[in-house]
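Undergrad:
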Ligand SMILES: [Zn+2]
């Protein structure tokens with residue numbers, strides 16, 4: 489659910505309104521008309537191939553055994569390709585190369601749209617501040633998870649015959 493409580497235009501409290509059959513938070517002030525559409529945020533995700541393995545990372549904020557792809561939000565004025573390269577640089581300190589786009593995946597539970605890329609990178613990994621651990625997993629041992637970036641990994645593995 490949205491965390492916005494007040495109108496971004498006039499500061500009035502937002503209340504739930506039905507628009508075209510869906511619930512939205514909208515401004516209750518007269519003549520304002522502001523609606524908090526809560527459109528999905530765009531997230532870029534990277535399957536980083538490094539020395540024949542796939543790099544999976546555990547974020548500091550996550551519980552112990554969870555590993556995932558390198559992900560990050562698309563920033564204002566930034567192309568998704570630049571965003572994914574920037575995230576890999578920030579989190580792994582690697583200069584990666586784009587290999588291909590894997591696909592676009594809705595992550596409805598988090599109201600996000602994930603654009604997933606296959607990248608290749610060489611060099612030495614240095615973890616950024618957000619990460620607790622990075623593991624190198626041979627592609628044939630990667631087990632895709634069900635939600636979020638999992639379907640992107642599944643598609644990528646299937647294309648490669650795993
Ligand atoms: Zn308002």
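Residue numbers (our numbering): 489 to 650. No residue lacks a Cβ here, since even glycine has one placed at the ideal position from N, Cα and C.
For the pair the region 588-603 and the region 525-533, tell me if three or more CB-CB distances fall below 8 Å.
TA: yes
Undergrad: Going by the beta-carbon positions, is the gap between residue 608 and residue 587 smaller than 7 Å?
TA: yes
Undergrad: Should residue 522 be counted as a contact of ligand 1 given a C-beta to heavy atom distance under 6 Å?
TA: It does: the Cβ of residue 522 is within 6 Å (strictly closer) of some heavy atom of ligand 1.
Undergrad: Could you tell me which whole alpha helix (DSSP H) segments of length 4 or greater appear in the region 526-609?
TA: 568-580
Undergrad: Leaving aside the five residues before and after residue 496 along the sequence, list all residues of the same chain whose C-beta is less than 6 Å from its C-beta, in chain order.
TA: none
Undergrad: Looking at residue 517 and ligand 1, is the gap between the Cβ and the nearest heavy atom below 6 Å?
TA: yes
Undergrad: May I have the straight-line CA-CA distance separating residue 582 from residue 606, to the nearest angstrom?
TA: Their Cα atoms are separated by approximately 14 Å.
Undergrad: Using the C-alpha atoms, what's the distance from residue 512 back to residue 624?
TA: The alpha-carbon separation between residue 624 and residue 512 amounts to approximately 43 Å.
Undergrad: Okay, do the region 560-578 and the region 531-540 touch, 3+ Cβ pairs below 8 Å being the bar?
TA: yes
Undergrad: Classify residue 517 as helix, strand or coil using the three-state DSSP reduction.
TA: Assigned with DSSP and collapsed to three states, residue 517 falls in coil, not helix or strand.
Undergrad: Can you find a heavy atom of ligand 1 that lies under 6 Å from the Cβ of residue 606?
TA: Result no, Cβ not under 6 Å from ligand 1.
Undergrad: Going by beta-carbon coordinates alone, are residue 517 and residue 500 separated by less than 7 Å?
TA: yes
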